[in-house]
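In our numbering, the protein residues as written are 2 to 330.
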DNA sequence: CACACGTGGCC
DNA sequence: TGGCCAAGTGT
């Protein structure tokens with residue numbers, strides 16, 4: 002027998018109230034703090050976020066402090082978390098809140114959604130947690146829970162699947178009593194994060210297992226379906242450390258570069274083999290190999306070698322000497 | 001729509 | 001150990 006939306010929602014909420022992890026951002030409904038946590042949690046694990054969240058809130062306790070801080074300091078507190086555009090957009094949004102809303106965090110979905118870095122998911126999450134508004138927050142966890150609950154084999158990479166699941170999630174939250182709105186999104190997410198996990202779901206501890214169609218069919222391990230990702234392309238590259246009086250030879254990538262526009266980089270060359278000629282063209286002679294690194298992004302995996310380099314003659318036009326103290330590692 | 005964007009954990 | 005993934009957004 003299928004379980005009603007309201008009934009499964011009740012079971013889920015009761016489970017959540019007994020089993021929710023005690024996370025720092027759950028101790029507040031301050032929209033600023035909720036917002037910072039949601040941005041940090043995008044594509045990032047809870048355990049990784051916690052120390053960053055604590056340090057960030059200690060240094061920037063409210064919208065105004067964040068808005069007026071030097072960008073370098075914001076990035077410094079973010080260093081190591083990844084997706085650095087999030088940090089820049091967070092501050093841009095703080096400035097937007099100061100300018101358009103007098104420094105008071107906006108309390109309506111549309112204004113929240115207009116903040117840079119805040120998409121559909123994040124706007125719904127903030128609106129629900131901080132303001133008790135009924136917007137279904139659809140993230141990877143919720144899609145997994147729903148796909149399994151309905152034994153839904155559609156590709157969750159497809160926009161139309163997400164749109165349909167968004168509507169289902171909305172019907173679910175709309176079926177709940179007003180008092181439960183603030184917790185409901187989080188309850189589904191928490192279930193996905195701790196019970197209805199991507200691998201080896203713990204169905205025995207799941208409050209929804211009785212009504213879960215995937216479990217009935219034995220499909221819980223193979224849902225949700227995601228179409229195959231593009232094959233990873235492996236690339237070799239080499240970079241040269243060219244040092245002169247404590248400064249490094251670097252160039253800033255043009256703003257119209259497709260990959261990493263505006264980023265500073267060391268003299269480098271990417272190919273299927275190390276090509277000393279590419280460095281020679283810059284007047285750089287390669288010396289001893291002093292290190293190696295790996296870096297993967299989307300479907301490219303770089304394997305890099307680091308060489309000591311010497312510049313013969315003048316620096317190439319595009320390059321500048323950058324003092325080591327200006328590098329944030 | 002496909003792709004860029006980081007990092008660490010897991011098997 | 002390398003491939004895959006994890007609380008998305010912007011272009």
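Here a beta-carbon is modelled for each residue, glycine too, at the ideal position from N, C-alpha and C.
So, under 8 Å CB-CB, residue i and residue j are touching, yes? Tell me the CB distance rounded to an integer number of Å.
{"i": "residue 296", "j": "residue 305", "result": "7 Å"}
{"i": "residue 146", "j": "residue 192", "result": "6 Å"}
{"i": "residue 287", "j": "residue 294", "result": "About 16 Å; that fails the 8 Å criterion."}
{"i": "residue 187", "j": "residue 130", "result": "7 Å"}
{"i": "residue 137", "j": "residue 167", "result": "6 Å"}
{"i": "residue 150", "j": "residue 212", "result": "7 Å"}
{"i": "residue 32", "j": "residue 127", "result": "6 Å"}
{"i": "residue 323", "j": "residue 248", "result": "6 Å"}
{"i": "residue 155", "j": "residue 6", "result": "Not quite, the Cβ-Cβ distance comes to about 19 Å (not below 8 Å), so this is no contact."}
{"i": "residue 96", "j": "residue 68", "result": "5 Å"}
{"i": "residue 21", "j": "residue 27", "result": "7 Å"}
{"i": "residue 185", "j": "residue 14", "result": "7 Å"}
Going by alpha carbons, who is nearest to residue i out of the options?
{"i": "residue 226", "options": "202, 148 and 48", "result": "148"}
{"i": "residue 314", "options": "250, 239, 175 and 77", "result": "250"}
{"i": "residue 308", "options": "126, 269 and 86", "result": "269"}
{"i": "residue 291", "options": "239, 64 and 280", "result": "239"}
{"i": "residue 65", "options": "100, 242, 43 and 303", "result": "100"}
{"i": "residue 117", "options": "134, 86 and 203", "result": "86"}
{"i": "residue 54", "options": "38, 43, 44 and 198", "result": "38"}
{"i": "residue 243", "options": "317, 30 and 18", "result": "317"}
{"i": "residue 210", "options": "152, 265, 163 and 40", "result": "152"}
{"i": "residue 110", "options": "132, 91 and 97", "result": "132"}
{"i": "residue 10", "options": "177, 267 and 302", "result": "177"}
{"i": "residue 169", "options": "144, 182 and 196", "result": "144"}
{"i": "residue 76", "options": "89, 216 and 43", "result": "89"}
{"i": "residue 108", "options": "119, 194, 134 and 97", "result": "134"}
{"i": "residue 120", "options": "245, 218 and 40", "result": "40"}
{"i": "residue 320", "options": "15, 283 and 246", "result": "283"}
{"i": "residue 106", "options": "42, 175 and 30", "result": "30"}
{"i": "residue 196", "options": "8, 17 and 4", "result": "17"}
The beta strand (DSSP E) spanning residue i covers which residue range?
{"i": "residue 151", "result": "That residue, residue 151, is in no beta strand (DSSP E); it is neither H nor E in DSSP."}
{"i": "residue 251", "result": "248–253"}
{"i": "residue 320", "result": "320–324"}
What are the start and end residues of the alpha helix (DSSP H) that includes residue i?
{"i": "residue 110", "result": "110–114"}
{"i": "residue 156", "result": "First-last for residue 156: undefined, no H or E at that position."}
{"i": "residue 54", "result": "47–60"}
{"i": "residue 38", "result": "32–42"}
{"i": "residue 267", "result": "Run containing residue 267: none; DSSP gives neither H nor E here."}
{"i": "residue 258", "result": "It is not in any alpha helix (DSSP H) - residue 258 carries neither H nor E in the DSSP assignment."}
{"i": "residue 1", "result": "Any answer about residue 1 is impossible in this case: the structure gives the chain only from 2 up to 330."}
{"i": "residue 64", "result": "64–69"}
Next item on the list: Determine contact between the stretch 82–92 and the stretch 33–51, defined as no fewer than three beta-carbon pairs at a distance below 8 Å.
Entry: yes
Notebook entry, point to check: In chain order, which continuous runs of the alpha helix (DSSP H) of length 4 or greater are located wholly inside the stretch 78–129?
Noted result: 86–102 and 110–114
Notebook entry, point to check: At what residue ranges does the stretch 191–246 contain a whole run of the beta strand (DSSP E), taking only runs of 3 or more?
Noted result: 234–245
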